[in-house]
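Protein chains in written order, with our numbering: chain A, 295 to 501; chain B, 295 to 501.
2 protein chains.
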Amino acid sequence: MDHAEKSKPSALKKSNYHHGDLRAGLIEATRQLVEEKGPDGFSVSDACRLAGVSTAAPYKHFKDKSEMITAMVMEGMTRHRDNMVAALGDVPPATPARIKALGREYVEFALKEPGVFRLKFGGFTDRLDDPKLQEAGEGTFTIVLHEVAACIGESEITPDVRRRGFMLWSFVHGLSFLLADPKLTSMGGEFDLEDILDDIAVRMLAP
Amino acid sequence: MDHAEKSKPSALKKSNYHHGDLRAGLIEATRQLVEEKGPDGFSVSDACRLAGVSTAAPYKHFKDKSEMITAMVMEGMTRHRDNMVAALGDVPPATPARIKALGREYVEFALKEPGVFRLKFGGFTDRLDDPKLQEAGEGTFTIVLHEVAACIGESEITPDVRRRGFMLWSFVHGLSFLLADPKLTSMGGEFDLEDILDDIAVRMLAP
DNA sequence: CTTATATGTTAGAAGCTCTCACTTTGACAA
DNA sequence: TTGTCAAAGTGAGAGCTTCTAACATATAAG
Numbered sequence: 295m296d297h298a299e300k301s302k303p304s305a306l307k308k309s310n311y312h313h314g315d316l317r318a319g320l321i322e323a324t325r326q327l328v329e330e331k332g333p334d335g336f337s338v339s340d341a342c343r344l345a346g347v348s349t350a351a352p353y354k355h356f357k358d359k360s361e362m363i364t365a366m367v368m369e370g371m372t373r374h375r376d377n378m379v380a381a382l383g384d385v386p387p388a389t390p391a392r393i394k395a396l397g398r399e400y401v402e403f404a405l406k407e408p409g410v411f412r413l414k415f416g417g418f419t420d421r422l423d424d425p426k427l428q429e430a431g432e433g434t435f436t437i438v439l440h441e442v443a444a445c446i447g448e449s450e451i452t453p454d455v456r457r458r459g460f461m462l463w464s465f466v467h468g469l470s471f472l473l474a475d476p477k478l479t480s481m482g483g484e485f486d487l488e489d490i491l492d493d494i495a496v497r498m499l500a501p
Numbered sequence: 295m296d297h298a299e300k301s302k303p304s305a306l307k308k309s310n311y312h313h314g315d316l317r318a319g320l321i322e323a324t325r326q327l328v329e330e331k332g333p334d335g336f337s338v339s340d341a342c343r344l345a346g347v348s349t350a351a352p353y354k355h356f357k358d359k360s361e362m363i364t365a366m367v368m369e370g371m372t373r374h375r376d377n378m379v380a381a382l383g384d385v386p387p388a389t390p391a392r393i394k395a396l397g398r399e400y401v402e403f404a405l406k407e408p409g410v411f412r413l414k415f416g417g418f419t420d421r422l423d424d425p426k427l428q429e430a431g432e433g434t435f436t437i438v439l440h441e442v443a444a445c446i447g448e449s450e451i452t453p454d455v456r457r458r459g460f461m462l463w464s465f466v467h468g469l470s471f472l473l474a475d476p477k478l479t480s481m482g483g484e485f486d487l488e489d490i491l492d493d494i495a496v497r498m499l500a501p
């Protein structure tokens, strides 16, 4: 492991004393390891080994382990939100199909990155109390609320809209957890995700 | 901290070299600490201090830290299920009120013991792969399925029953997570848990 | 009463987080 | 060009942790 990688500086690296962009490197290593071993199996030391730096290096970029995980989760949330927005794509406005698209993307993220997803909400939430996380979460929820409003013909976010949005979120969130856990999935029996999403959208948008 | 507590042996303790029922003591200590500091903040050492034994003592009862947590979670699941069964109490059979009662109890447990609840499903699930946990979970789910079947007039657990049950579970599960997280609760705005449970029961039991 | 077993203890190895003092490097001013 | 400073690494090590091994003690069964 010598040269030729990373690219923040001008062109190519002369030495590897300085990493280039260790912050990003550590975040990526953290993500990989959390996916691989779960949040409890993760250690800063492991991340250092993976990134090829000494165990003291991270502390130039993060206050502590918790902040390192928070940064990784933050990055995951951004990705999650971007995916959801992208999923709306050219789905016709004010249709349940948009709600469905958001839900599908939500679940899909949970399936693709279960470790990160669980960390976002599940295991360590108490500790991850960065207000930025909350902001980011609220931003995403607001997207959902606007879609719900459009679907039921409201021009603004009324209490009814908020309530339905929250219920939809609850459902999709729970569904994601159950599906992301191999031991729980089986209990649902055989079913099709699309059908389920259709079903809940219809039921929750009904008067 | 000398005498006069624990009671597995005949009457009262002479020495405290032997604890009496350390297994149960450690499980309780684990529960307390997980609630207090979160699953990540928990350490076996802490539990030992709380239980008043040496740090090597737990290993006579549990293979490792993970097994100790698993045991605690297992105990929590039993309690959770018992609560749910008790909540059914004398609610008239084959009514949505029974579904509601189960849902309320589910959420209530999550609010009362958020640490344990999250651990059951959230943070460490990969690691907590004791088949007994799965069994216990399935048992509880079966209770729900029977209630759903009764409500929609089926005499057995058809695919439709299973599907609705799974959706109800998803919803209540997600709701529990959102409500158990102080940062997320606010997003739902002002609302009444009873109303929400009524609402979802009606919507999910509709043809 | 004796003795086996279950359940404690102490000591310690290995590994983790995080700090401190030190080194290297790139950038920028003179 | 060159000198110097701040940013970003490093190694060593303190003080935790988990878990093992060898030893100690109490209880229960004979």
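Using N, Cα and C, we set each Cβ at its ideal position, and we do this for glycine too.
In this text the structure is predicted, and so the values were computed from the model without any measurement.
DSSP three-state assignment for residue i, whether helix, strand or coil
i	result
B:A500	coil
B:K357	coil
A:D486	coil
B:F465	helix
B:A365	helix
A:P386	coil
B:H440	helix
B:N310	coil
A:D424	coil
B:D296	The pLDDT assigned to B:D296 is 33, lower than 50, so where the model puts this residue is not dependable, and the model offers no usable value.
A:G447	coil
B:D376	helix
A:T434	helix
B:D493	helix
A:S304	Reliability fails at A:S304, whose pLDDT of 33 lies under 50, so the model's placement of it is uncertain and the value that follows must be treated cautiously. If DSSP states are grouped into helix, strand and coil, A:S304 belongs with coil.
Rounded Cβ spacing between residue i and residue j (contact assumed at less than 8 Å)
i	j	result
A:L327	A:M362	No, A:L327 and A:M362 are not in contact; Cβ-Cβ is about 11 Å, not under 8 Å.
A:A430	A:M378	Actually they do not touch by this definition, with Cβ atoms about 12 Å apart.
B:K406	B:G370	Incorrect: roughly 10 Å between the Cβ atoms, too far for contact.
A:L499	A:P390	6 Å
A:L439	A:R456	6 Å
B:M461	A:F460	Not quite, the Cβ-Cβ distance comes to about 17 Å (not below 8 Å), so this is no contact.
A:V401	A:R325	In fact, because the Cβ distance is near 19 Å, the residues do not count as touching under 8 Å.
B:A365	B:F356	6 Å
A:F336	A:H374	Actually they do not touch by this definition, with Cβ atoms about 19 Å apart.
A:W463	A:F435	7 Å
A:I437	A:A443	11 Å between Cβ atoms; not a contact.
A:A323	A:A341	4 Å
Terminal residues of the alpha helix (DSSP H) in which residue i lies
i	result
B:E508	Residue coverage of chain B in this structure runs from 295 to 501, which leaves residue 508 of chain B outside it and unanswerable.
B:V410	408–415
A:A351	Taken as a continuous stretch (DSSP letters only), A:A351 belongs to no alpha helix (DSSP H), as it is neither H nor E.
A:S339	338–345
A:T479	476–479
Contact set between the region 463–474 of chain A and chain B, restricted to residues whose Cβ is under 9 Å from the partner: Flagged, chain order: W463, S464, F465, V466, H467, G468, L469, S470, F471, L472, L473, A474.
Could you list the residues in the region 474–493 of chain B with a C-beta less than 8 Å from some C-beta on chain A, going in chain order? Hits within the stretch, in order: D475, K477, L478, M481, G482, G483, E484, F485, I490, D493.
When you check each C-beta in the region 445–457 of chain B against every C-beta of chain A, which residues fall closer than 7 Å? Residues P453, R456, R457.
To be precise: take each residue of the region 312–337 of chain B, compare its Cβ to all Cβ atoms of chain A, and keep it if any distance is under 9 Å. Which residues remain? Answer set for the region 312–337 of chain B: K331, G332, P333, D334, G335.
Determine which residues of the region 424–435 of chain A have a Cβ less than 8 Å from any Cβ of chain B, and write them out in chain order. Here the close residues are L427, Q428, G431, E432, F435.
Please list, in chain order, the residues of the region 370–384 of chain A that have any C-beta partner in chain B closer than 7 Å. Those residues of the region 370–384 of chain A that come within reach of chain B (Cβ to Cβ, closer than 7 Å) do not exist; the list is empty.
Residues in the region 349–369 of chain A with C-beta within 7 Å of chain B's C-beta atoms, listed in sequence order? So nothing in the stretch comes that close.
Any 3 or more C-beta pairs closer than 8 Å across the region 465–473 of chain A and the region 453–472 of chain B: The region 465–473 of chain A makes contact with the region 453–472 of chain B; the number of CB pairs closer than 8 Å reaches 3 or more.
Which residues, in chain order, does the region 394–409 of chain A contribute to contact with chain B at a C-beta distance below 9 Å? Answer in chain order: P408, G409.
Counting pairs of beta carbons, one from the region 373–387 of chain A and one from the region 343–350 of chain A, are three or more of them closer than 8 Å? No: fewer than three Cβ pairs fall under 8 Å.
Counting pairs of Cβ atoms below 8 Å between the region 483–495 of chain A and the region 382–396 of chain A, do you hit three or more? The answer is yes - the region 382–396 of chain A touches the region 483–495 of chain A, with three or more Cβ pairs under 8 Å.
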